[in-house]
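Undergrad:
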Amino acid sequence: MQKTKELSFPVASFEEVFATNSGAIFQSDSEKCWYIDFAGKLARFDYRNLLKLKKAIYNVNIEEKLLSSDKTADVEIIFICACDHSYVLSLLELIKLKELLQGTFVMLDLNHIIYDRLFRVIS
Amino acid sequence: MKDIMRVKCLLSEEVETLINQQIKKEAHSSSIYLSMASWCNRNGYDFSADYFFKQAEEERQHQLKFFKYVLDMGGNAVSPDVTNIKQEYNSFREVFEEALEQEISVTQSIKNIAARCHKEQDYVTLEFLNWFFREQREEEYKARRAVELFDVIGEEGTGRWQIDKHVGQISYDSEA
Ligand SMILES: [Fe+2]
Ligand SMILES: [Fe+2]
């Protein structure tokens, strides 16, 4: 994981957790939050909101939407309670955001395992 | 990079989900017992109605115990929807047979949570679950003894009246 330091704000240090062609998610240790760079904006998510976003995205039945022949708009509105951000996503964007989140949570799990094995156990 | 997820919550996502399902199950049990209390009362089995009122109260306490544990560990406890509660029973005996089935299925689902905890070495939650395993011993004992009264006493004549009287006296006091 690559460290990116902002020159003008030396306090805020971001680390890239996961990135794809369509976006990236960064973690800020000092702020204990994540920044999602996706669909043309950078949005800040704390612990609760990141989990709510994950749940909202994972709960969309993409397969059903792909097979549906409804004439309704092919757009999904992702609204999260008590969170400043919402997303209005096309089906393709939804798939890309899901991919980004899946990768992110795999990396966060991996980071957790590394912490447990390397730093939290007396060897 | 800090392990923020772990700092915020002791429970893994899987264990949290399983406990939330258990919260729903306990809430469901509580409602079933309340419905059984209603049926027994309507049909003149006062002691059994009391027995089920008490059981309903206990299940509510179990639900809250799980609920508070999830919150105490930093997780998200979900207040459950409870639907599809059976309101009518075909016989006095059927009520007790279903009560026993209910307890067996609760024991089984708590065992399922414990199996998951073993898998991920969540000894903290395992230790918490021990209280429930002890409780289930008593719950299944009482439910089984109640069903057995139907064979021991028999339903003929004043049998059901006798059974009802004895239901209130079932108790489990094993120290083992
Ligand atoms: Fe219970
Ligand atoms: Fe019970």
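Here the protein sequences line up with chains P and R, keeping their order. Going by this note's numbering, 149 is the number at position 98 of the first sequence; the sequence numbering is gapless. Going by this note's numbering, 185 is the number at position 142 of the second sequence; the sequence numbering is gapless. All C-beta atoms, glycine included, are put in the ideal place defined by N, C-alpha and C.
Three or more beta-carbon pairs under 8 Å between the segment 162-179 of chain R and the segment 124-132 of chain R, yes or no?
TA: No contact exists between the segment 162-179 of chain R and the segment 124-132 of chain R.
Undergrad: Starting from the beta carbon of Lys45(R), find every residue of chain P whose beta carbon is closer than 7 Å, and list them in chain order.
TA: Correct list: Asp80.
Undergrad: Please tell me whether, using a cut-off of 7 Å, the distance from the CB of Val138(R) to the nearest non-hydrogen atom of ligand 2 is below it.
TA: No, since every heavy atom of ligand 2 falls outside the 7 Å radius drawn around the Cβ of Val138(R).
Undergrad: Please report the distance separating the alpha-carbon of Leu54(R) from that of Ser137(P).
TA: Taking the straight line joining both Cα atoms gives about 28 Å.
Undergrad: Can you tell me whether Ser120(P) is helix, strand or coil according to DSSP?
TA: Three-state DSSP puts Ser120(P) in coil, outside helix and strand.
Undergrad: What is the residue span of the beta strand (DSSP E) that Ile173(P) lies within?
TA: No beta strand (DSSP E) holds Ile173(P); DSSP gives it neither H nor E.
Undergrad: Which first and last residues belong to the alpha helix (DSSP H) in which Lys185(R) is found?
TA: Note, Lys185(R): alpha helix (DSSP H), Tyr166 to Val195.
Undergrad: What are the boundary residues of the beta strand (DSSP E) that Ile87(P) is part of?
TA: Cys84 to Phe89 is the extent of the beta strand (DSSP E) around Ile87(P).
Undergrad: Mind checking which residues open and close the beta strand (DSSP E) that includes Thr71(P)?
TA: Looking at the DSSP string, the run of the beta strand (DSSP E) that includes Thr71(P) is Ser64 to Thr71.
Undergrad: Tell me whether Ser74(R), by its Cβ, gets closer than 7 Å to a heavy atom of ligand 2.
TA: Ser74(R): no, Cβ never under 7 Å from ligand 2.
Undergrad: Grab me the residues of Asn100(P)'s own chain with a C-beta within less than 7 Å of its C-beta, minus the 5 sequence neighbours each way, in chain order.
TA: Hits under 7 Å: Ile131 and Cys134.
Undergrad: Kindly examine ligand 2 and report whether one of its heavy atoms sits closer than 7 Å to the Cβ of Glu144(R).
TA: It does not: the Cβ of Glu144(R) is nowhere closer than 7 Å to a heavy atom of ligand 2.
Undergrad: Can you name the residues of chain R whose CB is closer than 7 Å to the CB of Leu159(P)?
TA: Correct list: Met48.
Undergrad: Since Ser122(R) and Lys68(R) should fall inside the 8 Å C-beta cutoff, what is the C-beta to C-beta distance between them, to a whole number of angstroms?
TA: In fact, because the Cβ distance is near 14 Å, the residues do not count as touching under 8 Å.
Undergrad: Note down, in chain order, each residue of its chain lying with its Cβ closer than 7 Å to the Cβ of Phe171(R), except the 5 sequence neighbours on either side.
TA: Tyr112, listed in sequence order.
Undergrad: Are there 16 or more other CB atoms within 10 angstroms of the CB of Lys162(R), so buried, or fewer, so exposed?
TA: Classification of Lys162(R): exposed, given that the 10 Å Cβ count is below 16.
Undergrad: What does Asn100(P) touch in chain R if you count any residue whose Cβ is under 8 Å from its own?
TA: In chain order: nothing, as chain R lies at least about 12 Å away.
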